[in-house]
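Peer 1: One structure is given below, represented as structure tokens, and several questions about it will come after.
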Amino acid sequence: MISSTRTTDVGGQPRLRPSITGRTTIEDPVRVSVIIPTLNEAENLPHVLSRLPKVHEVILVDGHSTDGTVEVARRLRPDVVVVDEQRRGKGAALAAGFAAATGDIIVMLDADGSADGAEIPRFVEALLYGADFAKGTRFAHGGGSIDITPIRRAGNLALSGLTNRVHGTRYTDLCYGYNAFWTRCLPALDVDCDGFEVETLINIRIQRAGLNVVEVPSFEFGRLHGSSNLRAVRDGFRVLGTIFRERQRVPAEAVAA
42 MISSTRTTDV
52 GGQPRLRPSI
62 TGRTTIEDPV
72 RVSVIIPTLN
82 EAENLPHVLS
92 RLPKVHEVIL
102 VDGHSTDGTV
112 EVARRLRPDV
122 VVVDEQRRGK
132 GAALAAGFAA
142 ATGDIIVMLD
152 ADGSADGAEI
162 PRFVEALLYG
172 ADFAKGTRFA
182 HGGGSIDITP
192 IRRAGNLALS
202 GLTNRVHGTR
212 YTDLCYGYNA
222 FWTRCLPALD
232 VDCDGFEVET
242 LINIRIQRAG
252 LNVVEVPSFE
262 FGRLHGSSNL
272 RAVRDGFRVL
282 GTIFRERQRV
292 PAEAVAA
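Numbering (the working numbering), first residue to last: 42 to 298.
Here you go:
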């Protein structure tokens, strides 16, 4: 079931949405671009790519992997679009992937196996029902996580509460990176950061642009192989700085529906 975090459209009029359940296939004639940032994720890609439904394109944004990540991706999926990103960081990778996307809908997916690509139809369905942005959450009914640590959970809860207070959002899971949105929303995002704070930046900007956001329950698994580049304290402070910097930023004009 998908729960709404906003119930008004760009013009401020109430918009009612029916309760809907996730599908297992994408039947609607929309082109979905899946963006996967990678840095030495060769061991994880067989699982990650095998879980994807049929989509328009898969864009792998690689940050100079040395373990054969790109070669594995091309072997498993010959039609994969590979973007070599010179800058380091998840924000830089996502910005490069967004620029390369040609689909109607963009999905942000991690390459470590923690996010299940089989959930993509659930996000797409939320968009087809009228949302501009489908935001994954581990903390709504139907979601969950076996990966998040107590420290990260407490930090996420505190940062989510602060963002809700400062920016008027109602997010239950600020720092989760599994999201989908219509490509026409890209001007509102205008990603200009390099690090893990990118999810916070996107979540704030999409809200401040007046777009319709729904939260989609998602289950997070543990990283399959390798070690994460996320550092809870360091990246938590970067998220904190983003929350307050975005308060001073003039929001982009709402994207026409």
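Backbone N, C-alpha and C define an ideal beta-carbon position, used for all residues, glycine too.
Assign G63 to buried or exposed, taking buried as 16 or more other Cβ atoms, counted over all protein chains shown, within 10 Å of its Cβ.
Peer 2: Looking up residue 63 in the sequence shown gives position 22. The pLDDT assigned to G63 is 41, lower than 50, so where the model puts this residue is not dependable, and the model offers no usable value.
Peer 1: Who pairs with G131 in a beta bridge, going by DSSP?
Peer 2: As a first step, residue 131 is located in the sequence shown; it is residue number 90 there, counting from the start. The question names Gly, yet the displayed sequence has Lys at residue 131. In the DSSP output, where bridge partners are listed per residue, K131 has none listed.
Peer 1: By Cβ distance below 7 Å, which residues in the same chain neighbour F180 in space, the five residues on each side in sequence not counted?
Peer 2: As a position in the sequence shown, residue 180 is number 139, starting the count at 1. Contacts found: T213, D214.
Peer 1: State the DSSP-derived secondary structure class of I243, mapped to helix, strand or coil.
Peer 2: One-based indexing of the sequence shown puts residue 243 at position 202. The answer is helix: DSSP assigns I243 an H, G or I state.
Peer 1: Could you say which of D153, V122, R286 lies nearest to H97 if we only look at CA atoms?
Peer 2: What you label residue 97 is simply residue 56 of the sequence shown in a count that begins at 1. Checked all of D153, V122, R286; the closest Cα to H97 is V122.
Peer 1: Taking the Cβ atom as the reference point for each residue, do A152 and T79 lie within a distance shorter than 8 Å?
Peer 2: In the sequence shown, residue 152 corresponds to position 111, counting from 1. In the sequence shown, residue 79 corresponds to position 38, counting from 1. Contact: yes.
Peer 1: Whole beta strand (DSSP E) runs in the stretch 188-227 with 3 or more residues, listed along the chain?
Peer 2: As far as the stretch 188-227 is concerned, its whole beta strand (DSSP E) runs of at least 3 residues are 220-223.
Peer 1: Among D108, I147, T210, A229, which residue has its Cα nearest to the Cα of I77?
Peer 2: Taking the sequence shown and counting its residues from 1, the one referred to as residue 77 is at position 36. The shortest C-alpha separation from I77 is found at I147.
Peer 1: In angstroms with no decimal places, state the Cα-to-Cα distance between F174 and A199.
Peer 2: As a working mapping, residue 174 is identified with position 133 in the sequence shown. As a working mapping, residue 199 is identified with position 158 in the sequence shown. Rounded to whole angstroms, F174 to A199 spans 23 Å at the Cα level.
Peer 1: Using a 10 Å radius around the Cβ and a threshold of 16 neighbouring Cβ atoms, would you call T48 buried or exposed?
Peer 2: For this step, residue 48 is matched to residue 7 along the sequence shown. Confidence at T48 is low in this model, with a pLDDT of 33, below 50, so the placement of that residue should be treated as unreliable; the coordinate-derived value is given next. T48 comes out exposed.
Peer 1: Within 10 angstroms of the Cβ of F139, are there 16 or more other Cβ atoms? Answer buried if so, exposed if not.
Peer 2: As a first step, residue 139 must be located in the sequence shown, where it is residue number 98. Classification for F139: buried.
Peer 1: Figure out for me which residue from I187, V75, I243 has the closest Cα to the Cα of C216.
Peer 2: Numbered from 1 along the sequence shown, position 175 holds the residue referred to as residue 216. The shortest Cα separation from C216 among I187, V75, I243 belongs to I243.
Peer 1: Below 6 Å CB to CB, which residues in the same chain sit around G130 once its five sequence neighbours on both sides are set aside?
Peer 2: Looking up residue 130 in the sequence shown gives position 89. Contacts found: D235, G236.
Peer 1: Please list the terminal residues of the continuous beta strand (DSSP E) segment that includes A114.
Peer 2: Reading the sequence shown from its first residue, position 73 is the one you call residue 114. Not the beta strand (DSSP E): A114 falls in the alpha helix (DSSP H), residues 110-117.
Peer 1: For the beta strand (DSSP E) containing S74, list its first residue and its last residue.
Peer 2: Position 33 of the sequence shown, counted from the start, is the residue given in the question as residue 74. First-last of the beta strand (DSSP E) with S74: 73-79.
Peer 1: Leaving out the 5 sequence neighbours to the left and right, which residues in its chain are closer than 6 Å to A156 when beta-carbon positions are compared?
Peer 2: For the purposes of this step, residue 156 is taken as residue 115 along the sequence shown, with counting starting at 1. If we look at A156 and ignore the five residues flanking it on each side, its Cβ neighbours are L150, Y219.
Peer 1: What are the start and end residues of the alpha helix (DSSP H) that includes F164?
Peer 2: Sequence index remark: in the sequence shown, residue 164 carries index 123 (1-based). Its alpha helix (DSSP H) spans residues 161-169.
Peer 1: Between K176 and V239, is the Cβ-Cβ spacing less than 8 Å?
Peer 2: Position 135 of the sequence shown, counted from the start, is the residue given in the question as residue 176. Position 198 of the sequence shown, counted from the start, is the residue given in the question as residue 239. Against a cut-off of 8 Å, the Cβ pair of V239 and K176 comes out as no contact.
Peer 1: Short of 6 Å in beta carbon distance, which residues of its chain neighbour V159, apart from the five on each side in sequence? Order them along the chain.
Peer 2: For the purposes of this step, residue 159 is identified with residue 118 of the sequence shown, where counting begins at 1. The question names Val, yet the displayed sequence has Ala at residue 159. Cβ within range, chain order: R92.
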